[in-house]
Structure formats: C-alpha cells, structure tokens
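Before any comments, here is the structure.
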Amino acid sequence: MQVSRILHEMWHFRQDQKSVTEYAGELKKLYRDLEFFRPFKPHDPRDLTLLREWFEPLLVQVFLEGLNPEFKLRSQMIQASPDWPTLDETIASILEEETRLANQEAMPQMHGDNRAALTHTQSSM
C-alpha cells in the first residue's frame with residue numbers, strides 16, 4: 001500500500017510555490033521512500049547499477065513534468081537531447097535557469113531606478 005501511495009505522489013508531484021531546490025529535495029525523498037518500501041534485491045552486483053540507469057530517466061521525466069511553466073523551454077531542451085542527463089545534472093540545469101530568470105527580473109528594476117535617478121539629476125541642473 002505504501003508503494004502505491006508513493007508512486008501516486010511521485011507521478012502527481014508539482015513544484016507549485018516551492019523553489020527548485022525544495023521541489024527536487026522532496027522528489028528525491030519520495031524516491032528514497034520508494035527504495036525503502038520496495039527494495040531491489042539484485043542477483044548480481046551490476047544489477048543495481050543497471051536498475052538505476054533504467055529508472056533515472058523516469059525520475060528526470062517526473063521532475064521535468066512537475067516544474068512550473070517558466071521552466072518549460074529548458075525542460076523541452078533537455079527532453080530533446082538524445083542522451084538525457086542524470087537527475088542531478090537536470091536539477092543543476094534548472095537551478096541555473098532559475099537563477100538566470102531571477103537575475104533577468106531584477107535587472108529591469110535596476111535599470112529603471114538608474115534612469116529615474118539620472119533624469120532627476122539632469123532636471124535639477
């Protein structure tokens with residue numbers, strides 16, 4: 001029953017008001033919970049590596065699907081690449097985009113303030 005609940009939660013998990021870091025951390029926790037309640041028992045030590053290689057693109061897909069719309073372009077770029085990055089690489093890419101978008105939002109305000117100050121200084125002369 002726990003496994004069904006965790007899988008349901010993973011497939012329907014969304015970023016919403018969370019930062020990318022919070023969202024990624026909570027998704028990774030769900031994955032750890034899934035591994036705990038449904039552990040994989042490898043017959044060969046290499047099986048665990050193969051399982052992770054097989055499952056990781058699914059985690060990347062779940063992560064990308066749950067992101068807010070402002071990350072849609074970066075998400076599409078990741079999905080269009082022939083070799084998908086790991087979950088950690090994907091998270092890093094989205095964090096980079098989050099920073100870029102935050103800086104982009106801050107820049108017009110800074111420019112607007114500078115122009116207003118410049119206009120005020122010029123009219124005082």
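Quick note on numbering: this note's numbering labels position 8 of the sequence shown as 8, and the sequence is numbered without any gaps.
By construction, the Cβ of each residue, glycine as well, lies at the ideal position given by its N, Cα and C atoms.
Burial state of Leu73, where buried means 16 or more other Cβ atoms lie within 10 Å: With fewer than 16 other Cβ atoms inside 10 Å of its own Cβ, Leu73 counts as exposed.
Touch test, the stretch 54 to 68 against the stretch 15 to 29, Cβ-Cβ under 8 Å, three pairs minimum: By the C-beta criterion, the stretch 54 to 68 is judged to be in contact with the stretch 15 to 29, since at least 3 inter-stretch pairs fall below 8 Å.
Neighbour-count burial assignment, Val3, 16 or more Cβ in a 10 Å radius: Exposed.
Identity of the residue in Arg52, Glu26 and Leu27 nearest Thr86 by Cα: For Thr86, the closest of Arg52, Glu26 and Leu27 by C-alpha to C-alpha distance is Arg52.
Asp44, DSSP secondary structure in three states: In this structure, Asp44 counts as coil in the three-state DSSP scheme.
Separation of Ile94 from Asn103, as counted between CA atoms: Answer to the nearest angstrom: the Cα atoms are 14 Å apart.
Neighbour-count burial assignment, Leu58, 16 or more Cβ in a 10 Å radius: Exposed, by the Cβ-count rule.
Beta-carbon separation (whole angstroms), Leu48 vs Pro42, contact threshold 8 Å: Rounded, the Cβ-Cβ distance is 5 Å, consistent with contact.
Which of helix, strand or coil DSSP assigns to Lys29: In the structure shown, Lys29 sits in a helix (DSSP, three-state: H, G or I).
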